[in-house]
Amino acid sequence: MTQILSDDAVGSQVEKRRPIEKEAQVFVASQWQLMWWRFTSHKVAMFSGVVVILIYMVALFAEFLAPYEPDAVNSRLLYAPPQTLYLFDSMQGGKFGLHVYGFKSTVDPKAGRRIFTVDLTQKIEIGLFVKGHEYKLFGLIPMDVHLIGPKDPDQMMYLLGADRLGRDMLSRMIYGTRISMSIGLLGVVISLVLGVLLGGISGFYGGLVDNLIQRIIEFLRSIPTIPLWMGLAAALPMNWPPERIYFGITIIISLIGWTGLARVVRGRFLAMREEEFVMAAELDGASELRIIMRYMVPSFLSHIIASTTLAIPAMILAETSLSFLGLGLRPPVVSWGTLLQDAQSVRAVLQAPWQLWPAAAVILSVLALNFLGDGLRDAADPYSR
Amino acid sequence: MLRYIGWRVLLMIPTLFVISIVSFAVIQLPPGDFLTSYVAGISARGETIDEAEIQALRNAYGLGQPMYVQYFKWMSGVLRGDFGQSFTWRVSVSALIWDRVWLTILVSFVTLMFTWIVAFPIGVYSAVRQYSLLDYVFTFIGFIGVAVPSFLLALILMVFAYAQFNMSVGGLFSPQFQDAPWSWAKVVDLMQHIWIPVIVLGLNGTASLIRIMRANLLDELNKPYVVTARAKGQSEFKLLLRYPVRAALNPFVSTLGWTLPQLVSGSTIVAVVLSLPLTGPMMLQALVSQDMYLAGSFILILSALTVVGTLISDILLAWLDPRIRLDKIG
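Chains as they are written, first to last, in this note's numbering: chain A, -9 to 375; chain B, 80 to 409.
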């Protein structure tokens, strides 16, 4: 921004009226406005932001989006492969109409398992906004409409295949989004509280307290996290109900994950303490709390938001890893990690490669959150450069 | 320099102390006392256990006595090389773990070397030829490397190798060498197997190191001294290696401190997927069967070794860069 102030920019004011107007806008724009401009110029981050919002929408509207309940089993269609969704019916002269084809199953005596072949005579009509099982949206509004599904609710549709109990992979993945993404969010909130509190204390008071907290952070960063997570997660009693396990795992993950946020907060506090406006407030007789809340926090809030976004993917990966090993969430709970537990061996993956779909969901959300966080971090300091 | 080393070693002592307490806490976490479940397990199999033996074990671990006594008894055993008893294997922990610990150190070390050797030239290339096609390719691979958890990569690689080449890529040794004593042939066999875990484990670290090297070097390349050197007619290659690369190398070396914990952490889970004879699978098994002395010892040893590794890297860094050793003490 300093370049704009130079003499020849002012000199060319007459010829280039429009850009100057835009520059004038820059001078009067609020901090958040500048950040938004900076952020929108980062196209990948913008796109990732949309993807992240979509993923959270999936988590929010899981019941509506999923064709089936996550634990609806079908004993005749174990490991049914994914069906192709056809838009036009070639047999009826290309008439429009969503449909999939059913399966003929034969038992392979050698391998001792069912083999599915597509049965072209068995057409299953698919509709949008069809009636299916009943559910309560947000746990409040009773509904039975689903975004997509077979028009006859008794028939099955497996767009992403079925697992070992004939459960629909797509539905399970959609429900898994809720658990996996919310663990990331909840974990980050806990880490944020810990990080801001301890990092803030560390940076504001300095001295002995700072030293102590810094040693703790260094300690936590210098030990390998997965073995420690495993040890702590294994200690959760087997007979706990799923919700309690869920909170237990979240707390374990965030107990170790807060250090990164604490470092950012502390660094900001240290830098900010030296700023003139803080000293001015101090001389003005403002209380400590007022200095922190009114002057310091607003000026590093954007950094905190960016760091928080960057911390979520690590949480998601931690949950996935722990559940994959069988030490995290346990099977009646559906998360991407517990779904991947079924795809643990080469044999299982070769038999039903579609069991790896949750991995794609993990990678997509981690990538999107990383890019979004990068974009936010760049935008967080609109006065730089 | 000696003062710096001494100071760093002193700093390490409280860290090791905290590690031992955390490991002890993990051992103590499962409800109930492990001896009771051990005895129950043995009687469930229809065997009997001598009352005197139970009493001896009870005394050895200070069970029923206050926590700090139990901690002290365990710790004094650890310092003498006795990590306690594994109740599922019914041998002492130290008889089980060392083979696996050494292999873990070996795999981590080789991976670290691999990461460096690959990341350094690619990072330099990406910075010098910024926005070239290859730079974009490496950037893309880098982002994938960060987003794909290593255990998934291992799984995908295993499936791919099996489906395409009908090759089984798990393990670190061929079956005939599994239990054989160390020999030259076994080392060769190890070398033939080690590259898959090394690549799987290394991808993540390599990806971030490339980004760091690229960013560092890009910062340096725009500095006036580079322009000066170029104006003086120095050849581009010599100019690059003599000044900016050297300056960019420092932050690169300092990343060692956090890549090591990450590597050990990642190897735990990758070893489970690839069924490598490292610490991971045995630790997982120990945790599932609540064989807590075994599991706690793994946490203790892995953490302590990581801290020692970080110390070595810090000393190396201080040796490379005098600013660090002066700055930290003063």
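Every residue, glycine too, gets a C-beta built ideally from N, C-alpha and C.
Residues bridged to residue i (per DSSP)
i: A152(A); result: D158(A)
i: V97(A); result: R104(A)
i: E115(A); result: H89(A)
i: L127(A); result: I131(A)
i: D109(A); result: G92(A)
i: K121(A); result: V135(A)
i: P140(A); result: I116(A)
Beta-carbon proximity check, residue i vs residue j, cutoff 9 Å
i: L362(A); j: T299(A); result: yes
i: Y165(A); j: A56(A); result: yes
i: S311(A); j: I235(B); result: no
i: G284(B); j: S354(B); result: no
i: I289(B); j: I201(B); result: yes
i: V254(A); j: M262(A); result: no
i: L359(A); j: I169(A); result: no
i: D214(B); j: P356(B); result: no
i: V157(B); j: Q164(B); result: no
i: A70(A); j: Y148(A); result: yes
i: G375(B); j: S102(B); result: yes
i: S89(B); j: L373(B); result: With the sequence shown as reference, residue 89(B) is identified as Leu, and Ser is not the correct amino acid for it. Cβ distance not < 9 Å, so L89(B) and L373(B) don't count as in contact.
i: F128(A); j: L50(A); result: yes
i: V197(B); j: G281(B); result: yes
i: P340(B); j: A350(B); result: no
Helix, strand or coil at residue i according to DSSP, with G and I counted as helix
i: Q63(A); result: Sequence inspection shows Val at residue 63(A); the Gln mentioned does not correspond to that position. Note: V63(A) maps to coil in three-state DSSP.
i: D161(B); result: coil
i: G318(A); result: coil
i: E213(A); result: Note that residue 213(A) is Ile in the sequence shown, not Glu. Correct three-state label for I213(A): coil.
i: I394(B); result: helix
i: F86(A); result: strand
i: M163(A); result: helix
i: M133(A); result: strand
i: D79(A); result: strand
i: K152(B); result: helix
i: P343(A); result: helix
i: K302(B); result: coil
i: P227(A); result: coil
i: S171(B); result: strand
i: M305(A); result: helix
i: W261(B); result: coil
i: Y322(B); result: coil
i: T74(A); result: coil
i: R208(B); result: coil
i: S289(A); result: helix
i: G409(B); result: Any reading at G409(B) must be qualified, since the residue scores a pLDDT of 40, below 50, and its modelled position is unreliable; the value itself is stated next. Reduced to three states, the DSSP call for G409(B) is coil.
i: Q3(A); result: At Q3(A) the pLDDT is 45, less than 50, meaning the model places this residue with poor confidence and gives no usable figure here.
i: A226(B); result: helix
i: K311(B); result: coil
i: Q(-7)(A); result: Model confidence at Q(-7)(A) stands at a pLDDT of 42, short of 50, so the residue's coordinates are unreliable and nothing is read from them.
i: V352(B); result: helix
i: H32(A); result: coil
i: I180(A); result: helix
i: F166(B); result: coil
i: M147(A); result: coil
i: D129(B); result: coil
i: P145(B); result: coil
Cβ separation of residue i and residue j, assumed to be a contact under 8 Å, to the nearest whole Å
i: I296(B); j: V203(B); result: The question names Ile, but residue 296(B) is Leu in the sequence shown. Their Cβ separation, rounded to whole angstroms, is 6 Å, which keeps L296(B) and V203(B) in contact under 8 Å.
i: V306(B); j: P323(B); result: V306(B) to P323(B), Cβ: 11 Å. No contact.
i: L187(A); j: W347(A); result: Rounded, the Cβ-Cβ distance is 39 Å, inconsistent with contact.
i: V91(A); j: L110(A); result: Going by the sequence as given, residue 91(A) is Tyr instead of Val. Yes, Y91(A) and L110(A) are in contact; Cβ-Cβ is about 6 Å, under 8 Å.
i: V40(A); j: T167(A); result: Contact doesn't hold; Cβ gap of about 16 Å is too wide.
i: A270(A); j: M25(A); result: At roughly 24 Å, the Cβ-Cβ gap does not stay under 8 Å, so A270(A) and M25(A) are not in contact.
i: R280(A); j: S192(A); result: Not a contact, Cβ separation roughly 20 Å.
i: K141(A); j: E115(A); result: 5 Å
i: G247(A); j: I378(B); result: Not a contact, Cβ separation roughly 18 Å.
i: T94(B); j: S212(A); result: 7 Å
i: T338(B); j: L191(B); result: 7 Å
Distance cut-off 8 Å: residue i Cβ against heavy atoms of the ligand NAP
i: G281(B); result: You won't find the ligand NAP in this model; it holds no ligand whatsoever.
Original post:
When Cβ atoms are compared, which residues of the region 286 to 320 of chain A fall closer than 8 Å to chain B?
Top reply: P303, L307, T310, S311, F314, L315, G316 and L317
**OP:** Give the residues from the region 161 to 195 of chain B that approach chain A closer than 9 Å (Cβ to any Cβ), ordered along the chain.
**Re:** none
Original post:
Which residues, taken in chain order from the region 378 to 399 of chain B, show a beta carbon closer than 7 Å to some beta carbon of chain A?
Top reply: I378, L381, S382, T385, V386 and T389
Original post:
In the region 250 to 273 of chain B, which residues sit with their C-beta less than 7 Å from some C-beta in chain A, listed in chain order?
Top reply: none
Original post:
Relative to chain D, which residues along the region 332 to 353 of chain B have a C-beta separation below 9 Å, given in chain order?
Top reply: The structure shown contains no chain D; its protein chains are A and B.
Subject >> Members of the region 344 to 355 of chain A that neighbour chain B once the beta carbon cut-off is set at 8 Å >> reply: L346, A349, V352 and I353
Subject >> the region 203 to 221 of chain B: positions lying closer than 8 Å to chain A by Cβ >> reply: none
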